[in-house]
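First comes the structure, then the notes that go with it.
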């Protein structure tokens, strides 16, 4: 019988394979892949399997999501497969309410780990907010969003002048994370991975910075 490991029984969970599809992997004019791009990350034991094919979004051994940050990021779908079931019986289905966190990822270099699962997402999850590995200041050039909180709720589409990413500084003046209020239109992207000089301060009547915003940027292609 297959072991039943859950995210709460270990600090983090490593995918056995990482799949990507869409974008570069599905451009009929130039190249069309017959299967998703797969990167093996972990070897399962003999009693477990790690399929290299795309699984339904309600599968109990996978998570499906989209990310933001670069020109082409919204063209891709990502799916992480695990050797064992990632849900317990107590995991309810996500309510799809705004702000609800379905699961939490942690990025270490090019590796993504699962730190926590709060509810079962039946669809494709989206980024709700990022947490930073350390506090940053307004002029910092590097995006440090290592902790990614994913939601099943449908994100609204940004208007061109809306902020696609908002950071609120702490009382010590440092920024420890940011939220994604909306998704940029198809011809645009939210350039968080190129954050240098893109933070726009929002100032209250007392002249105090209450938040920083980043606006959608037109894609290069």
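Numbering (the working numbering), first residue to last: -18 to 202.
Note that beta-carbon positions come from the ideal geometry of N, C-alpha and C, so glycine has one too.
Values in this document were obtained by computation on a predicted structure and should not be read as measured data.
Counting C-beta atoms within 10 angstroms of its own C-beta, residue 74 has fewer than 16 neighbours from the protein chains shown and is therefore classed as exposed.
The C-beta distance from residue 114 to residue 147 rounds to 19 Å, too long to meet the 8 Å contact threshold.
Runs of the beta strand (DSSP E) spanning 3 or more residues and lying entirely within the segment 66 to 138 occur at 84 to 89, 92 to 98, 107 to 117, 128 to 132, in chain order.
Residue pairing by DSSP puts residue 45 in a beta bridge opposite 60. The Cβ atoms of residue 108 and residue 176 do not sit closer than 9 Å to each other. Contact between residue 172 and residue 195 is confirmed by a C-beta separation of about 7 Å, below the 8 Å threshold. Where residue 180 is concerned, there is no enclosing beta strand (DSSP E), because DSSP gives it neither an H nor an E.
One alpha carbon belongs to residue 34, the other to residue 22, and they sit about 15 Å apart. Under the 10 Å beta carbon count, residue 17 is surrounded by 16 or more other beta carbons and is classified as buried.
By a beta-carbon distance limit of 8 Å, residue 134 contacts residue 81. Their separation comes to about 6 Å. Per the C-alpha coordinates, the member of 103, 52, 25 positioned closest to residue 41 is 103.
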